[in-house]
Structure formats: C-alpha cells, structure tokens
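Written below as structure tokens is the structure these notes are about.
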Amino acid sequence: MADRSLRGMRLGTQSLQSEVGVEFSPRKKSVYRTADGETFEMVFAADAEVPGVWESAKSGLEGVLLDDDGVAVVSEAVETKIPRSHWDMLLERRTRPELEELLQERLDFLRARRGQQKIGA
1 MADRSLRGMR LGTQSLQSEV GVEFSPRKKS VYRTADGETF EMVFAADAEV PGVWESAKSG
61 LEGVLLDDDG VAVVSEAVET KIPRSHWDML LERRTRPELE ELLQERLDFL RARRGQQKIG
121 A
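Residue 23 in my numbering sits at position 23 of the sequence shown, and the numbers go up by one each step.
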C-alpha cells in the first residue's frame, strides 16, 4: 500500500494557474489617518467613490481620508432628510378638525354596529 502512494504535486495546497496574461482591474490607493496619528492605506477600484472616513483594521479607530499632500480632506456637510411619520403625512392632507370629525363618525358607526349585533350570533 505504501508503494502505491501518490507522488509529486501536493494536492490542494498549490494552484496550477499562473499570473501570466492576467490583467488586474484598475485600482487606486487611499491613505487615511486616525486621531492617534496612525496612517494606513486602503485599495479601492478606480471608479469607486472613496469614503471620507474608514475604520483602521489594527486599532479600530476611524481614519480621515488624506489627499496627495497629506492634508485631511474636508467633506461637504450633506443635508439629511428628516423622516416623516404617518401622522405627519396625514396632517399634510387633512386638518385636525377634519380628522376629529372622521374619528367621531367612525366611532359612531362602530358603536351603532355593536348595538345591532345579536347575542350568540
């Protein structure tokens, strides 16, 4: 049994492919600096939008994007849209007195319907 063992290549541990003729997608390096002064690089696709902050893999602190001169890039403050609730949207369509009138009509209808139901039916 020992004479028949497979000799030669270590199966599964090495790839038989080579990098000859392989063209990698275009990339760009972005440099970030954390509050404690650590700088680290991240590689992004050339057409990707680079985020202004990125978490350092070593320290876990957020790093700020640096430009080519080593100066922190100032990002524009984006206005965040305040989420509207269902109540806010309802108040855009109807006034409060109209809503109170609709509520009263509905309550009267439900009370009248409850009074018409037979017991045990």
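Heads up, the beta-carbon is just placed ideally off N, CA and C, and yes, glycines get one too.
Item, Value
"In whole angstroms, what separates the C-alpha of residue 93 from that of residue 53?", "41 Å"
"My output table needs one value for residue 27: the three-state DSSP class, helix, strand or coil.", "strand"
"What is the DSSP secondary structure of residue 63, reduced to helix, strand or coil?", "strand"
"Looking only at C-alpha atoms, which of 84, 47, 29, 22 sits nearest to residue 39?", "29"
"Could you name the residues that DSSP lists as bridge partners for residue 42?", "30"
"Within 10 Å of its beta-carbon, does residue 34 have 16 or more other beta-carbons around it, so buried, or fewer, so exposed?", "buried"
"Let me confirm a value: residue 63 is counted as buried when at least 16 other C-beta atoms fall within 10 Å, else exposed. Which label applies?", "buried"
"What do you reckon, are the CB atoms on residue 31 and residue 66 nearer than 8 Å?", "yes"
"Ignore the nearest five residues each way along the sequence and tell me which others in residue 27's own chain have a CB closer than 8 Å to its CB.", "43, 44, 45, 46"
"Considering just the uninterrupted stretch of the beta strand (DSSP E) at residue 55, what are its terminal residues?", "53–55"
"Any idea what DSSP makes of residue 112, helix, strand or coil?", "helix"
"Check whether the Cβ atoms of residue 18 and residue 36 sit closer than 8 Å, and answer yes or no.", "no"
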